[in-house]
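K.L.:
In the working numbering, the protein residues as written are 10 to 386.
Quick reminder that beta carbons are idealized off the backbone N, C-alpha and C, glycines included.
1. To the nearest angstrom, how far is it from the Cα of residue 128 to the Cα of residue 89?
2. Can you tell me whether residue 349 is helix, strand or coil according to DSSP?
3. Could you pull out every residue in the same chain whose Cβ sits closer than 6 Å to the Cβ of residue 380, ignoring the five residues on either side in sequence?
4. The beta strand (DSSP E) spanning residue 310 covers which residue range?
5. How big is the Cα-Cα spacing for residue 106 and residue 234?
6. Assuming residue 343 and residue 301 form a contact by the criterion Cβ under 8 Å, report the distance between their Cβ atoms to the nearest whole angstrom.
7. Would you decide whether residue 65 is buried or exposed? Buried here means 16 or more other CB atoms lie within 10 Å of its CB.
8. Counting along the chain, where does the alpha helix (DSSP H) carrying residue 216 start and finish?
9. Indicate whether the contact test is met: 3 or more Cβ pairs, each with one atom in the stretch 77-87 and one in the stretch 370-378, closer than 8 Å.
10. So for residue 265, helix, strand or coil by DSSP?
11. For residue 220, I'd like the list of residues in its chain whose CB is within less than 6 Å of its CB, leaving aside the five on either flank, ordered along the chain.
12. Kindly indicate which three-state DSSP category residue 362 falls into: helix, strand or coil?
13. Just to confirm, are residue 130 and residue 197 a CB contact at a threshold of 9 Å?
14. Using 8 Å as the Cβ pair cut-off and three pairs as the minimum, do the stretch 132-142 and the stretch 330-349 touch?
15. Counting along the chain, where does the alpha helix (DSSP H) carrying residue 328 start and finish?
16. Residues in the same chain with beta-carbon distance under 6 Å from residue 307, minus the five sequence neighbours each way, listed in chain order, please.
17. Please list, in chain order, all residues of the same chain as residue 171 whose beta carbon is under 6 Å from its beta carbon, the five residues on each side excluded.
18. Where do the N-terminal and C-terminal ends of the alpha helix (DSSP H) with residue 59 fall, by residue?
19. Given a cut-off of 9 Å on the beta-carbon distance, is the pair residue 114 and residue 294 in contact?
20. So, helix, strand or coil for residue 129, using DSSP?
21. Whole angstroms are fine: how far does the CA of residue 103 sit from the CA of residue 216?
22. Is the beta carbon of residue 142 sitting closer than 9 Å to the one on residue 108?
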């Protein structure tokens, strides 16, 4: 039981003490002070006017006693009643309710060497994921689902750390190629040479569609926000000014059309964000337009060659660019119904005020004062 208004309890005790003191004083010295002794006072007390005054006085005294009890009980009830106490929640309960699909476009592969921009990305994400609360995250590389949507942030942070470890071994192998079996943490295992027909080469459209379908609640509403964080080359063959060295082969036919992908993303309310190399960014390409239409952010970073990545200064600058881009995107998640409910429940805080009890005590106190005044007349 919590005392919401402890000062009122002090005032109530003081008021009871004052009332008791006055009652003892009036009993000892008479109602209006010392009165002279009267001979044959029974003649006065037997008068009808005296009897009427005595009955009125008794009734007023009884009423004053009742309202005093009511006022005292109301004040004590307002002070010592069980109350709802505001208990601040843990920090992670104030985090956004959003499902994040980490999406890697064509060309994001560790076979044959580490891309210089992937390692700083996963190092940044590993630290950010550890601060997650209500967020969930999944990862898709081209058409390979590295892991589905999960809220197990410790496991995801550990997986990102393992991917960084694999990248270090790819750059500087210690025991031959024993890291190959662990490449599945990030991408699908490459088929052995001559083991079958060449694998289908996905386009950016196919990758984004695969990422969109990996978000739970596509086609339904679970109250959570949905976000795609796309990383890599975002060019399409028919984008204006597309470079010939884009990872998207001109001959590749996408499984999903632009209209189908756009309809899927907008119908599900998915916010698309893209972190892309500066050299591959062209004005108003399809992906950039899709990002703008869904309320996402399109951020560029400087892509380094293997020789430039060896320069520590340039590598640190690139990591800073990627870290800021990822943090900026994750700090601006799409709105969700669960976030709105959480905000409305917390702000403004509905204080637990005993309005009814305090009003009853006020009315009883005014009535007591009026009765006390009537008894003096």
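P.N.:
Result, derived from the coordinates:
1. Position 119 of the chain shown, counted from the first residue, corresponds to residue 128. Position 80 of the chain shown, counted from the first residue, corresponds to residue 89. Distance between the alpha carbons of residue 128 and residue 89 is about 60 Å.
2. Numbered from its first residue, the chain shown carries residue 349 at position 340. It is helical.
3. Residue 380 sits at position 371 when you count from the first residue of the chain shown. The residues are 69, 72 and 73.
4. Sequence index remark: in the chain shown, residue 310 carries index 301 (1-based). 307-310 is the extent of the beta strand (DSSP E) around residue 310.
5. As a first step, residue 106 is located in the chain shown; it is residue number 97 there, counting from the start. As a first step, residue 234 is located in the chain shown; it is residue number 225 there, counting from the start. C-alpha separation (whole angstroms): 6 Å.
6. Indexing the chain shown from 1 puts residue 343 at position 334. Indexing the chain shown from 1 puts residue 301 at position 292. Not confirmed; about 14 Å, so no contact.
7. Your numbering for residue 65 matches position 56 in the chain shown. It is exposed - the Cβ of residue 65 has fewer than 16 other Cβ atoms within 10 Å.
8. Your numbering for residue 216 matches position 207 in the chain shown. Residue 216 -> alpha helix (DSSP H) spans 213-222.
9. yes
10. Position 256 of the chain shown, counted from the first residue, corresponds to residue 265. The answer is coil: DSSP assigns residue 265 none of H, G, I, E or B.
11. Residue mapping note: residue 220 aligns to position 211 of the chain shown, counting from 1. Excluding residues within five positions, the ones whose Cβ falls inside 6 Å are 110, 112, 149 and 237.
12. Counting from one through the chain shown, the residue named residue 362 turns up at place 353. Three-state result, residue 362: coil.
13. The sequence position of residue 130 within the chain shown is 121, counting from 1. The sequence position of residue 197 within the chain shown is 188, counting from 1. Not closer than 9 Å, so no.
14. yes
15. Indexing the chain shown from 1 puts residue 328 at position 319. Unbroken alpha helix (DSSP H) run through residue 328: 321-339.
16. Residue mapping note: residue 307 aligns to position 298 of the chain shown, counting from 1. If we look at residue 307 and ignore the five residues flanking it on each side, its Cβ neighbours are 283, 297 and 300.
17. One-based indexing of the chain shown puts residue 171 at position 162. Correct list, in chain order: 194.
18. Here residue 59 corresponds to residue number 50 of the chain shown, with the count starting at 1. Run containing residue 59: 57-89, per the alpha helix (DSSP H) assignment.
19. Taking the first residue of the chain shown as position 1, residue 114 is located at position 105. Taking the first residue of the chain shown as position 1, residue 294 is located at position 285. Result no, Cβ atoms of residue 114 and residue 294 do not sit closer than 9 Å.
20. Numbered from 1 along the chain shown, position 120 holds the residue referred to as residue 129. In the structure shown, residue 129 sits in a helix (DSSP, three-state: H, G or I).
21. Within the chain shown, numbered from 1, the residue matching residue 216 stands at position 207. Within the chain shown, numbered from 1, the residue matching residue 103 stands at position 94. Cα to Cα, the separation comes out at about 32 Å.
22. On the chain shown, residue 142 is found 133 positions in, with the first residue counted as 1. On the chain shown, residue 108 is found 99 positions in, with the first residue counted as 1. Their beta carbons are not under 9 Å apart, which means residue 142 does not touch residue 108 by this criterion.
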